[in-house]
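Taking it in order: structure first as structure tokens, then the write-up.
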Amino acid sequence: MQSESSPKSDAYDALVAGILTLDLAPGADLDEARLCAEHGLSRTPMREVLRQLAGEGYVTLRQNRGAQVSEMSHASLRAFFIAAPMIYAAILQLAAENRTPAQVVELAEAQDVFIRALRNGSTADRALANDRFHHITGEMADNPFLLPSFNRLLLDHARISMTFYAPRTDADKDTIKTARDHHEQIIEAIDARDATRAGELAQAHWALSRDRIAQFVMPGGLDLPLGPPPQEARL
């Protein structure tokens, strides 16, 4: 999210939140004229916002066809689940090594927001609070080569989290409590500069998301047009 408020930054923040929480569905076309009217911007600054979002992976710019929300497919989800555990572990290990005291405070504050969202917030509130927590760990890692990949992972992680943070059973609620506890332990490991423990927690925390993938892609999960599985797509 951008820090200084202006019509342009507000439009950026609103589009990011809409994409992360699936108000703007994967693959949806973005009507530039409608966005301009909605956010009170002329076409030039709105196009600058869309270019920034494209550079960060939120949207795709198509020649003569306008902008489209970044898609999700069986192939992209497969790539996500292969890369995520390695990248998450590297980020948390580097976060433990490179964090500043101010960042630890910021991470703890983000955890407070996350806990409040779990108690009283909507599914979207929970997903966005979780996303902010993990973005801060990426900032702590301070690696310009790794961070773009991590931020792209967080995009799909947040969208998948819209299922994760809408529990249907007591077991689902227990899993969310485990995720909350992992956050607390991650803060402790990073604060202690314990890179080994941070990497272990990354793997354990990742397993919670990994184990919900079936709920995401099956009919009982999110109703998204994921397209054919990779095997069928190659026929």
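Counting along the sequence shown from 1, when you hit position 221 you're at 311 in the working numbering, and nothing is skipped either side.
Ideal Cβ positions, reconstructed from N, Cα and C, are used throughout, including at glycine.
| said: On the criterion of 16 or more Cβ atoms from any shown chain inside 10 Å, does M252 qualify as buried, or is it exposed? | reply: buried
Report task. Quick one: grab the DSSP three-state call for R155. Result -> coil
Checklist line | Status (buried if at least 16 other CB within 10 Å, exposed otherwise) for A323 | finding: Note that A323 has pLDDT 42, beneath the 50 cutoff, so the model's placement of it is unreliable and the number below is only indicative. A323 comes out exposed.
- request: Write down every uninterrupted run of the alpha helix (DSSP H) in the region 200–241 whose length is 4 residues or greater and which is fully enclosed by it, in chain order.
  value: 213–231
- According to DSSP, is D113 helix, strand or coil? coil
#### Entry: Close Cβ partners of I277 (< 8 Å) along its chain, the five nearest in sequence each way excluded
V194, L197, A198, Q201
Coarse secondary structure for L131, derived from DSSP in three states: coil
Next on the checklist: Checking 8 Å against the spacing of the C-beta atoms, do Q158 and A115 come in under that value?
Outcome noted: no
### Task
For my contact list, M136 and E146 are in at a C-beta cut-off of 8 Å; report their separation, rounded to the angstrom.
Going by Cβ atoms, the distance from M136 to E146 rounds to 16 Å, so no, they are not a contact pair.
- Query: How many Å lie between A269 and L298 at the Cα?
  - Reply: 7 Å
- Task: Within 10 angstroms of the Cβ of T134, are there 16 or more other Cβ atoms? Answer buried if so, exposed if not.
- Result: exposed
- request: Compare the C-alpha of H129 against each of A144, L184, L105 and name the closest.
  value: L105
Discussion item. On the criterion of 16 or more Cβ atoms from any shown chain inside 10 Å, does A174 qualify as buried, or is it exposed?
Written reply: buried
Check your understanding: By DSSP, does T286 sit in helix, in strand, or in coil?
Key -> helix
* Asked: Going by the C-beta, is R216 closer than 7 Å to any heavy atom of the ligand SAM?
  -> This structure simply doesn't include the ligand SAM, nor any ligand for that matter.
Assuming T150 and S160 make a contact with CB atoms under 8 Å, what is their CB distance in whole Å? 6 Å
Please state if the CB of L218 and the CB of A107 are separated by a distance shorter than 8 Å. yes
Exercise for the section: Drop a sphere of 10 angstroms on the beta-carbon of L325, count the other beta-carbons inside from all chains shown, and report buried for 16 or more, exposed for fewer. Expected result: For L325, the predicted structure reports a pLDDT of 42, less than 50, and the residue's modelled location is therefore unreliable. A value from the coordinates is still provided. Classification of L325: exposed, given that the 10 Å Cβ count is below 16.
Taking only the alpha-carbon atoms, compute the straight-line gap between D215 and D113 and give it to the nearest angstrom. 13 Å
message: Please report the straight-line C-alpha distance between N233 and R189, rounded to a whole angstrom.
response: 12 Å
Exercise for review: Identify which residue in L182, S212, A261, L208 has its Cα closest to the Cα of H224.
Suggested key: L182
- Query: If we count the other Cβ atoms within 10 Å of its Cβ and call it buried at 16 or more, is A127 buried or exposed?
  - Reply: exposed
Exercise. Closer than 7 Å by C-beta to A256: which residues in its own chain qualify, once you throw out the five before and the five after it? Chain order, please.
Key: T213
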